[in-house]
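Just so you know, we're using this note's numbering here: the sequence shown kicks off at 894 and counts up by one. The structure appears right after this line, and notes come after that.
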Amino acid sequence: MATPIRYPDTTGFRAGFQSVILKIDNQEFVGFTAVDGERTRERTLVYGANADPIGKTRGKNTYKMSVGVYIAEFNNFMIQHFGAGWGDQPFNAEVTVNENGYDTQQYLGIGCTVD
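Now the structure itself:
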């Protein structure tokens, strides 16, 4: 269960960009400027012998994560870590948002590639 947010919160910091820990291929990565992600679900209406739908499917989820990275850190980490063909090397990405007094949020990208 999520911890309720206290107002006014004068006991500590709110979660911000400095609260984000990014790990790529189990190594902490600090040369990033932004992290963004989304989940979309494609659902389909189900029809019977009527013009009106009788339900809908659970659908299929599609996940997307993007990370803004400084060029020097990109070259140092991605190219040296993965070597030739770095764009085709799958890796896991873990994003953790943690700040004292708030619930930790964690997002895991499995089988990521640089596109």
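Ideal Cβ positions, reconstructed from N, Cα and C, are used throughout, including at glycine.
{"Query": "Grab the span of the alpha helix (DSSP H) containing Ile964 for me, first residue to last.", "Result": "Ile964 to Phe967"}
{"Query": "Do three or more CB pairs link the segment 911 to 925 to the segment 970 to 982 at distances below 8 angstroms?", "Result": "yes"}
{"Query": "What distance in whole Å lies between the Cβ atoms of Gly909 and Val962, which are believed to be in contact at a cut-off of 8 angstroms?", "Result": "Their Cβ separation, rounded to whole angstroms, is 19 angstroms, which puts Val962 and Gly909 out of contact at 8 angstroms."}
{"Query": "How close, in whole Å, do the beta carbons of Val988 and Val928 come, if the pair is a contact with beta carbons under 8 angstroms?", "Result": "6 angstroms"}
{"Query": "Considering only C-alpha positions, which residue in the set Phe967, Tyr940 and Gly930 is nearest to Gly980?", "Result": "Phe967"}
{"Query": "Leaving out the 5 sequence neighbours to the left and right, which residues in its chain are closer than 8 angstroms to Pro983 when beta-carbon positions are compared?", "Result": "Gly1004, Cys1005 and Thr1006"}
{"Query": "Name the two residues that bound the continuous beta strand (DSSP E) containing Tyr1000.", "Result": "Gln998 to Cys1005"}
{"Query": "Just to check my reading of the structure: Lys957 and Glu931 have Cβ atoms closer than 8 angstroms, yes? What is that Cβ distance to the nearest angstrom?", "Result": "5 angstroms"}
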